[in-house]
Every structure is written in structure tokens, then in C-alpha cells.
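Shown next, in C-alpha cells, is the structure this report addresses.
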Amino acid sequence: MDEKRAEFTDTMSLKCDNAADAWESGAAETDRQAFGKGMRDGIPIGLGYLAVSFSLGIVARNVGLTPFQAFLASLLCNASAGEYAGFTSIGAQAAYLEIAVVTLIANARYLLMSCAMSQRMRPGISIWHRLFMAFDITDELFGIAIARHGFLNPFYTYGAILTAAPCWAFGTALGTLAGSLLPARLVSAFSVALYGMFLAIIIPPGRKDKVVAVLVALCFAASFAASKLPVISGLSEGTRTILLTVLLAGGAAALFPRNPEEET
Amino acid sequence: MHNPYFYILIMAGVSFAIRALPLTLIRRQIRNRFIRSFLYYVPYVTLAVMTFPAILHATQSPAAGLLALCAGVIAAWLGADLFRVAVLCCGIVLAAEFFLV
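Line by line, the protein sequences give chains A and B. Using my numbering, read the first sequence as starting at 2 and increasing by one per residue. Using my numbering, read the second sequence as starting at -14 and increasing by one per residue.
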């Protein structure tokens, strides 16, 4: 019995030592190496951003924004759907309150990701790290950060942001600038990149979760109907998006609430 | 006439607040099942609503937009990543409009 206990204690202390080692080497290596790793992982993301933000820039041009305004919006907002919804509202000369609500709804998934990240922060980490990490939560940057083990390292995220965020901002400005120089054929082709990106986000989860698959199909139908039906088609695109989101997501949550275990 | 810079400032403020508030304020798990489910479904609904029928008006010919939508849905279902789906949609529109426009 004593022997067993001794063995157990040995194993435990060994495990603790390893954990402490890992912790220390992790902490020693982290800041600089994690930053470099983040910069490297940000490259493919940045390339993807260039194509999609170019498409977003075309939208910005269509609603009358200058390349600098489009650049500024992308640098500060870092959001595909959110900026798209915002630009569309700018084009419609929407009220300031409407653009705020539209941005909120279109970016609601970042709220969810931020919640998920809050569960993975090293206890006692400074509020500045929390704020800077929050600044560029996107589908991709959240994805690569959350896929790593253990507590999130702020410097890994900073590295990835440093590579990817400029691509997003310059890509948008380029789209606004070159959108007017390119032949209509190419503008037409580039402008669907954004929708392709949306599809790549909403379609794959439907394979595992049939509720999502049916919900997406229902959304397409409802959105199409809303653009044709009297009265509701008279509302702005942003308002329709808000209404449909609250109705459909609320309905799905009421009818098909999710089990805490199946959540990611 | 509204000021575009004011619009951009509002967009930036809301975008930042929505990302920063949970990360700075939440130190525990959210328990309410309806809220969790609602938050889970919101991104799919919003993006789906913004994609269709808008994609039909983004292209010169609505038929090309529809083709891009179908191709994008199939490619994403089969597991193509974000960049590939986006490029495929562009390629489809470019090819289709050679015949349609």
C-alpha cells in the first residue's frame, strides 16, 4: 500500500515537474517564437483576405466610398459580413442607429467567438491583452488561435494579425481603386468572392447538424420571399436582415435548443 | 446627407465593442440554453439571408450568380476551404458570362 502510494506520489510529482517544465519553456519560448509562428500562419489567411476584401472594395466603390474610406473601414472593422452590411446601409443612406444595429447583427458571431476565447484566457492576463486580442477576432484568426493547445498566447495572435490585417485593408482599397479600372466582366466575377466566403462558413456545419442545413435553406427561401413580398420588400436590406435573423434564429433556438455537450 | 466618416466610426465602434465586451467581461460560462442556442444559430441565419438573393444582383447576369451559388454550395459541402470556394465562384461567373453576356 505504502509502496503504491509512493509510486503514485512519484508519478504525480513527475507529472507536475513536466507540466512546470512545459509551462516554463512555453513561457520562455512563447512571446518571440509564438509571434513568429503567428506571422507564418497568417500568410495563407492574408492571401485569402486579399481576394475577398478586393470583392468588398468593389461594394464600397458601388456605394460611393473613396479608396481611403474603404481602407479605413477595413483597418478598423476587420469584418467581411459586417462591413458588407454596413456598406450596403451607407449606400441606402440609412439612419445612424440602423447602421449600428446592422453591424451588431452581422457581427454577432464574433460575440460568440469572443465568449469562447474568454474561456481560454490565462488567469490574471492583463486587460490590454484582452482588448488587443479582441480587436481582430475573425473566423480565420479565431480558428487558428483556438485550435492551439492550452491557454491562448496573445503574441501568437498579434503575429497573425500583423500579417493578415494589412492584406485585408489594402485589398479593400485596391478593390475600390481598381474596381473602376477593371472590365465589367472581371468586376462581376470578383464580386461573388464575398458570397463564396459566406457559403464556405454556413454550408459545411450542415453536414453534421441537420438543423443548420435545413435552417440555411429556409433562410434562402425566406430572404427571397422578403425581397418580393409587399410591405416587407419596402424595408431596407439591413432592416430585413435584422428582422429575419431575430425571427429565424430565435425560432430555431426555441424549437431546437442545443445540448451543452454538442457545442464546440 | 450623412457623413461617411461618421458611418465608418460607428461601424468600427460596434465591431470592436462586440468583440471586446465578452472577452473582457465574461470570466465564467454562459448557462442560459436559449441564449446559447440563439447565439449559435445567428451567424448561419445572417450570412444565409445576406447571400441570397443578393448574389443574383451582384453579377451582370442573374443566371451566372445562381450558377456560382450552386457551385459554391456543392464545393463547400464537399469540404473545400474558404479560399477555394471563393475562387471557384469567381471562376464560374467569369466562364458563364462569356456565354450569357
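Virtual Cβ for every residue (Gly too), placed ideally from N, Cα, C.
Minimum Cα-Cα distance from I106 of chain A among the listed residues B:V(-1), B:Y(-10), B:L(-6) and B:C75 corresponds to B:V(-1). Inside the stretch 190 to 245 of chain A, DSSP marks whole alpha helix (DSSP H) runs of 4 or more residues at positions 194 to 203, 206 to 209 and 211 to 229, from first to last along the chain. Legend: CB atoms of the stretch 167 to 195 of chain A lying less than 7 Å from CB atoms of chain B belong to residues A185, R186, S189, A190, F191, S192, V193 and A194.
By the neighbour-count criterion, in which a residue is buried when 16 or more other Cβ atoms sit within 10 angstroms of its Cβ, L10 of chain B is exposed. Chain order gives the chain A residues near P(-11) of chain B as L66, Q70 and I91, where near means a beta carbon separation below 7 Å. Relative to the Cα of F257 of chain A, the nearest Cα in the group A:L216, A:V188 and A:A174 belongs to A:L216. Between the stretch 202 to 217 of chain A and the stretch 26 to 34 of chain B, the count of Cβ pairs shorter than 8 Å is three or higher; the stretches touch.
For P231 of chain A, none of the residues of chain B pass the 9 Å Cβ criterion, the least Cβ distance being about 17 Å.
For the C-beta of F36 of chain A, not a single chain B residue is nearer than 9 Å; the gap to the nearest is close to 20 Å. What P47 of chain B touches in chain A, judged by beta-carbon distance under 7 Å, is nothing: the nearest beta carbon there is about 11 Å away. Pairing A49 of chain B with E82 of chain B gives a Cβ-Cβ distance under 7 Å. Of the candidates A:I243, A:V247, A:A250 and A:V53, A:I243 places its Cα closest to the Cα of A101 of chain A. Among the residues of chain B, those whose CB is under 7 Å from the CB of M134 of chain A are L8, following chain order. Short of 6 Å from the beta carbon of A253 of chain A, and not among the five residues preceding or following it, lie these beta carbons of its own chain, in chain order: L216. Secondary structure note for V58 of chain B: its alpha helix (DSSP H) is the uninterrupted segment P47 to W62. Linking G65 of chain A to N17 of chain B through their CA atoms gives a straight-line distance of about 43 Å.
The alpha-carbon of G43 of chain A is positioned some 45 Å away from that of V232 of chain A.
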